[in-house]
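K.L.:
In my numbering, the protein residues as written are 1004 to 1076.
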């Protein structure tokens, strides 16, 4: 994940008309998937000891962190 965040540019993600991820390449999509899995497993960002998930804006934080590294229309 550190190499993704250290980039000086954002990788562009291409969607089809059904909003399905289609590119630009399989390696970029694999990198996006790996990045999202790493964020989801992060104990610092999303700790497992939360009693009420309704009080956590985890979805918004995950999206903000993703848009820092990837350009998704």
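Idealized CB from N, CA, C, for every residue including glycine. Since we're looking at a predicted model, the values are computed, not measured.
For a quick check, are the C-beta atoms of residue 1017 and residue 1025 less than 8 Å apart?
P.N.:
Contact flag set, yes.
K.L.:
Helix, strand or coil: how does DSSP classify residue 1067 here?
P.N.:
In this structure, residue 1067 counts as helix in the three-state DSSP scheme.
K.L.:
So, with DSSP's three-state summary, where would you put residue 1029?
P.N.:
Of the three classes helix, strand and coil, the one that applies to residue 1029 here is helix, per DSSP.
K.L.:
Is it the case that the Cβ atoms of residue 1035 and residue 1073 are separated by a distance below 8 Å?
P.N.:
Yes, they are a contact pair.
K.L.:
Thinking residue 1069 and residue 1039 are a contact (beta carbons under 8 Å), I'd like their distance in whole angstroms, please.
P.N.:
Right, the Cβ-Cβ distance comes to about 7 Å (below 8 Å), so this counts as a contact.
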